[in-house]
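Residue numbers (the numbering used here): 721 to 935. Each residue gets a CB set at the ideal place from its N, CA and C atoms; glycine is no exception.
This is the structure in structure tokens:
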């Protein structure tokens with residue numbers, strides 16, 4: 721990467737880090753601040769914070785940006801710089817944005833600070849990171865990567881269903897076993913995993929086309 725592009729990439733990572741960490745801290749503050757009215761303790765609110773795919777994926781983005789900026793030569797920095805890892809993070813945060821804006825946005829009407837947090841988590845950070853990946857990330861991907869990338873959402877699904885069963889709270893309506901039952905939930909989950917595969921294949925296709933153009 722030439723010097724100008726390297727500087728632009730670092731600036732992009734800086735903006736992503738600021739945006740993602742701000743969004744996460746603001747959302748955590750909102751959830752903890754609302755504990756008197758929702759019957760939860762502070763620790764319960766913190767635990768609830770970490771049940772959402774949106775939060776976990778924005779946290780992944782925030783860590784990615786921070787490590788790439790501050791510890792690029794560390795083991796974690798080297799792992800994060802791998803093309804397959806960067807693309808995976810871009811895929812996951814893109815799914816966050818798509819699912820919220822296509823399915824979940826109509827479900828509620830946040831106001832005030834919650835509106836700011838929502839737009840950062842579901843629009844600004846996904847857009848910034850996908851643009852960063854498109855412009856600056858290494859693109860040496862293989863078709864098999866799109867299937868490896870299923871591990872994270874599959875593990876998350878098991879985690880969310882386990883916590884839902886033990887805490888009687890499901891973070892998203894399309895995996896709410898209490899309302900839908902296990903059959904529809906697993907059909908919805910299968911559809912979501914298929915979406916991960918198809919978008920993953922699109923990422924690989926895009927990466928290969930960009931590599932051909934550069935060559």
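| query | result |
| --- | --- |
| Would you say residue 857 touches the ligand NAP, meaning its beta carbon is less than 7 Å from a heavy atom? | For the structure depicted, the ligand NAP is absent and the ligand set is empty, with no information on it obtainable. |
| Report all residues from its chain with a CB closer than 6 Å to the CB of residue 752; omit the five preceding and five following residues, and keep chain order. | 762, 765 |
| Which two residues bound the contiguous alpha helix (DSSP H) that contains residue 865? | 865-868 |
| Can you give me the start and stop residues for the alpha helix (DSSP H) that residue 835 sits inside? | 832-839 |
| From the DSSP output, in three-state form, read off residue 761 for me. | coil |
| Take residue 731 as the anchor and find which of 747, 816, 777, 856 has the nearest alpha-carbon. | 856 |
| Between which two residues does the alpha helix (DSSP H) containing residue 813 stretch? | 803-819 |
| List the whole-angstrom C-beta distance separating residue 805 from residue 788, where the pair is believed to meet the contact cut-off of C-beta under 8 Å. | Going by Cβ atoms, the distance from residue 805 to residue 788 rounds to 10 Å, so no, they are not a contact pair. |
| Between which two residues does the alpha helix (DSSP H) holding residue 827 run? | Note, residue 827: premise wrong, no alpha helix (DSSP H); not H, not E. |
| Give me the Cα-Cα distance between residue 933 and residue 836, rounded to the nearest whole angstrom. | 38 Å |
| Start and end of the alpha helix (DSSP H) containing residue 911? | 902-934 |
| Tell me whether the region 804-820 and the region 865-874 touch, counting them as touching only if at least three CB pairs, one residue from each stretch, are closer than 8 Å. | yes |
| Drop a sphere of 10 angstroms on the beta-carbon of residue 721, count the other beta-carbons inside from all chains shown, and report buried for 16 or more, exposed for fewer. | Here residue 721 scores only 49 on pLDDT, less than 50, and its place in the model is too uncertain to base an answer on. |
| Suppose the cutoff is 6 Å on Cβ atoms and the five residues either side in sequence are ignored; what does the same chain contact list for residue 813 look like? | 777, 781, 846, 849 |
| Within a Cβ cutoff of 8 Å, which residues of the same chain sit near residue 888, ignoring the five residues on either side of it in sequence? | 898 |
| Note down, in chain order, each residue of its chain lying with its Cβ closer than 7 Å to the Cβ of residue 853, except the 5 sequence neighbours on either side. | 806, 807, 810 |
| Suppose you measure from the CA of residue 931 to the CA of residue 725; what does that come to, to the nearest Å? | 16 Å |
| Could you spell out the range, first to last residue, of the alpha helix (DSSP H) harbouring residue 873? | 871-887 |
| Could you please give the first and the last residue of the uninterrupted alpha helix (DSSP H) stretch that includes residue 791? | Here residue 791 belongs to no alpha helix (DSSP H), and DSSP marks it neither H nor E. |
| Taking the alpha-carbon positions, what's the residue 798 to residue 867 distance? | 22 Å |
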